[in-house]
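Trainee: If you read the sequence shown in this note's numbering, its first letter stands for residue 100, the second for the next number, and so on. Even glycine gets a Cβ: it sits at the ideal position worked out from N, Cα and C.
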Amino acid sequence: MWRTLVSLPRRALGFLSRGEAALAALSKQVTRLADLLQHSVKRDEATRDELHKVRQALAELRREVHDRLLQNTMTVTRAARALEGGAAASSNGDVRLSSRPIMVDAADPVAVSWEPVFGADAPDPEGREWLTLAACPACAHRHFTVVSAWNKLILLEKAPDATSARYDYAVCHACGILFASRRPSGERYRFLMQHFEEVTAKRGGEAVTNLVLNPRPLSDVDRDQLRRLAANGVFVSDHIGLSRREYLAPLLRDRFENSLHTDVIGALLSPRNARVLEVRSRAGSILDGLRSAWGADVYAMPIWESQQFLLGEVYRITTSPPIDFDHFAIPFDGAFDLVLCNHMITHAVRVSDFLATIRARLKPGGHLYLHNEPDDAEFLKGSQSMLATLNPLHLQAFDQASLVRALAANGFETVFVKHQKNETLFLLARVADPVPITMSDKERQARVVAYQQAYDRAVLRVDDSTRARLSREWVDVVQHAVASGAAEFDERGQLRIVAPSAD
Ligand SMILES: [Zn+2]
């Protein structure tokens, strides 16, 4: 930053000398044009040609002057901001800049449109199933800062309809979670779940090939195939020589990936003969593990038909119909000692209702175990794009501290929380009285700034077609990004994104 500031006068001089030369050449052209006009009215073609060249040169010069003035203004603003904020707000000279330079000017605006998802008729044509939140859905606090208008659909060609991309993601000033302050409910949300592969566009929108995690409804043929493959069980040894097409290899993979949770729960709770429910079970690995090791009485709530079918077929676990994310309810009787939730807080349409439903069905002193919850560090401090990460099913995002606070506000006291190897969070909490929560001003400020910078970086790295969609906010984002240090001009005057510091 200081290097950039010191080099400003030199860069300004460089521009002025180049600008001077350009102006001299232009004035020569104008003189020649005046001569032409004076000496002949018949040499129309040459005059037109000359006039055209002069116009072009003028336009280029104007653009250059505009860009350089904008660049210098932005750099000075950034420097002033850094001076105000002290050393912490200034970069130390060894920042990592993006290899691709960023356009300073907005693209020509285009009318924003999307192709329909799968040619299917989108639900809710009158837009009645949008919820607009006036308070945080996790802690009910009424103050928040909107940091991004868009979910991942802004990057994609297909969407349910033209209103689906706008979520107005906001940071709550009390618990610190990020939430979609505009979010789909009812059929609108169900439609997103039904078209999971297209609207999340993982693997470029290709169909999920893992039979155990298949989100599509099952046909009779699918059921027969799953039944036949599942008959070989989970632990299919290599020495038997079965081809991978003859059994369900993902079952053991899921077991390996999730056995740590069986171990952690066993070590912390000793859940002997406990009554356990898992919400959004994948392949039933954790429940079967707890049943084998501790004699737990287990129940599962799957999200896809494929999982519902396999949980019964492979492990003989009692299952519910697929989960309703909007109006969440537990369709089993009685109270539980432990409720496990896989990747649920990030998706719940009504977070507090969801947690209250679980809390009401836990025994006094009962436990909630969350796992596979993404930590927003992946885009606040890591290399992920915030726009690409927040697909339209992601209604909440958080870091460890925000999740702990949000749970406390809903009557869950955290007992143990860790990051898994893939950086997702897992957390054990105990039923307690809800407590008032707050963040320090410093923490709130840091969180809002981190989100604004992540948004700026994500916008600036979009491709040309998305840049045209974002033409209205482009220049604001560029100016804000330079002022906040999310982007910088390099020594040649090209704008580049600054990689976040990993602390
Ligand atoms: Zn909150």
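Once you ignore the five residues that flank residue 518 on each side, which residues in its own chain have a CB closer than 7 Å to its CB?
Mentor: To locate residue 518, count along the sequence shown from 1; it is residue 419. Hits under 7 Å: 474, 524.
Trainee: When DSSP labels each residue in this structure, what does residue 360 get in the three-state scheme?
Mentor: Locating residue 360 in the sequence shown gives position 261, counting from the first residue. Helix at residue 360.
Trainee: Following a CB-centred definition, is residue 276 positioned closer than 7 Å to any heavy atom of ligand 1?
Mentor: One-based indexing of the sequence shown puts residue 276 at position 177. Flag set: Cβ of residue 276 near ligand 1.
Trainee: In whole angstroms, what is the alpha-carbon distance linking residue 264 and residue 273?
Mentor: For the purposes of this step, residue 264 is taken as the residue at position 165 of the sequence shown. For the purposes of this step, residue 273 is taken as the residue at position 174 of the sequence shown. Approximately 26 Å, taken between the alpha carbons.
Trainee: Looking at residue 335 and residue 341, is the spacing between their C-beta atoms short of 8 Å?
Mentor: Along the sequence shown, read from residue 1 onward, the residue named residue 341 stands at position 242. Along the sequence shown, read from residue 1 onward, the residue named residue 335 stands at position 236. Against a cut-off of 8 Å, the Cβ pair of residue 335 and residue 341 comes out as a contact.
Trainee: With a threshold of 7 Å, establish whether the CB of residue 240 neighbours any heavy atom of ligand 1.
Mentor: Stepping through the sequence shown from its first residue, residue 240 is reached at position 141. Yes, since a heavy atom of ligand 1 falls inside the 7 Å radius drawn around the Cβ of residue 240.
Trainee: Are there any heavy atoms of ligand 1 lying less than 7 Å away from the beta-carbon of residue 269, as far as the coordinates show?
Mentor: Locating residue 269 in the sequence shown gives position 170, counting from the first residue. Checking every heavy atom of ligand 1 against the Cβ of residue 269, none is found closer than 7 Å.
Trainee: Mind checking which residues open and close the alpha helix (DSSP H) that includes residue 298?
Mentor: Indexing the sequence shown from 1 puts residue 298 at position 199. That run of the alpha helix (DSSP H) goes 295 to 299.
Trainee: Could you spell out where the alpha helix (DSSP H) holding residue 319 opens and where it closes?
Mentor: To locate residue 319, count along the sequence shown from 1; it is residue 220. Element bounds for residue 319: 319 to 329.
Trainee: Please state the DSSP three-state secondary structure of residue 391.
Mentor: Position 292 of the sequence shown, counted from the start, is the residue given in the question as residue 391. Helix at residue 391.
Trainee: Taking residue 373 and residue 395 to be in contact with their CB atoms under 8 Å, please state how far apart those CB atoms are, rounded to whole angstroms.
Mentor: Numbered from 1 along the sequence shown, position 274 holds the residue referred to as residue 373. Numbered from 1 along the sequence shown, position 296 holds the residue referred to as residue 395. At roughly 5 Å, the Cβ-Cβ gap stays under 8 Å, so residue 373 and residue 395 are in contact.
Trainee: Could you pull the start and end residues of the beta strand (DSSP E) that residue 400 belongs to?
Mentor: To locate residue 400, count along the sequence shown from 1; it is residue 301. Start and end: 396 to 400.
Trainee: Around the Cβ of residue 542, are there at least 16 other Cβ atoms within 10 angstroms (buried) or fewer (exposed)?
Mentor: In the sequence shown, residue 542 corresponds to position 443, counting from 1. Counting Cβ neighbours within 10 Å, residue 542 comes out exposed, since fewer than 16 surround it.
Trainee: Once the 5 residues before and after residue 365 are set aside, which same chain residues still bring their CB inside 7 Å of it?
Mentor: One-based indexing of the sequence shown puts residue 365 at position 266. Taken in chain order, the residues that qualify are 392, 393.
Trainee: What is the DSSP secondary structure of residue 472, counted as helix, strand or coil?
Mentor: As a first step, residue 472 must be located in the sequence shown, where it is residue number 373. Three-state DSSP puts residue 472 in a strand.
Trainee: Any heavy atom of ligand 1 closer than 7 Å to the beta-carbon of residue 235?
Mentor: Position 136 of the sequence shown, counting from 1, holds the residue named residue 235. Residue 235: yes, Cβ under 7 Å from ligand 1.
Trainee: Please go through the stretch 411 to 458 and give each complete beta strand (DSSP E) segment of 3 or more residues, from N-terminal end onward.
Mentor: As far as the stretch 411 to 458 is concerned, its whole beta strand (DSSP E) runs of at least 3 residues are 435 to 441.
Trainee: Would the beta-carbon of residue 120 be found less than 7 Å away from any heavy atom of ligand 1?
Mentor: In the sequence shown, residue 120 corresponds to position 21, counting from 1. False, no ligand heavy atom lies under 7 Å from that Cβ.
Trainee: Nearest CA to the CA of residue 174: which residue from 593, 511, 600, 598?
Mentor: To locate residue 174, count along the sequence shown from 1; it is residue 75. That would be 593, whose Cα lies nearest to the Cα of residue 174.
Trainee: Reducing DSSP to helix, strand and coil, say where residue 136 ends up.
Mentor: Translated into the one-based positions of the sequence shown, residue 136 becomes position 37. The answer is helix: DSSP assigns residue 136 an H, G or I state.
Trainee: Buried or exposed for residue 339, please, with buried defined as at least 16 other CB atoms from any protein chain shown within 10 angstroms of its CB.
Mentor: Translated into positions along the sequence shown, residue 339 becomes position 240. So residue 339 counts as exposed.
Trainee: Rounded to a whole number of angstroms, what is the C-alpha to C-alpha distance between residue 262 and residue 208?
Mentor: By one-based count along the sequence shown, residue 262 stands at place 163. By one-based count along the sequence shown, residue 208 stands at place 109. Approximately 18 Å, taken between the alpha carbons.
Trainee: Whole angstroms are fine: how far does the CA of residue 311 sit from the CA of residue 344?
Mentor: Taking the first residue of the sequence shown as 1, we reach residue 344 at position 245. Taking the first residue of the sequence shown as 1, we reach residue 311 at position 212. One C-alpha to the other measures close to 13 Å.
Trainee: Can you tell which of 230, 198, 346, 282 has its C-alpha closest to the C-alpha of residue 331?
Mentor: What you label residue 331 is simply residue 232 of the sequence shown in a count that begins at 1. Looking at the Cα atoms, 346 is the closest of the given residues.
Trainee: Just the Cα atoms here: how many angstroms apart are residue 214 and residue 258?
Mentor: Here residue 214 is taken as the residue at index 115 of the sequence shown, counted from 1. Here residue 258 is taken as the residue at index 159 of the sequence shown, counted from 1. Distance between the alpha carbons of residue 214 and residue 258 is about 6 Å.
Trainee: Hey, out of 510, 252, 527, 553, whose CA is closest to residue 238's CA?
Mentor: Indexing the sequence shown from 1 puts residue 238 at position 139. Closest option to residue 238, Cα to Cα, is 510.
Trainee: Got a sec: does ligand 1 put a non-hydrogen atom nearer than 7 Å to the Cβ of residue 500?
Mentor: Walking along the sequence shown from the start, residue 500 turns up at place 401. Checking every heavy atom of ligand 1 against the Cβ of residue 500, none is found closer than 7 Å.
Trainee: Identify the residues that DSSP records as bridge partners of residue 588: which are they?
Mentor: Working through the sequence shown from its first residue, we reach residue 588 at position 489. Its beta-bridge partners are 594.
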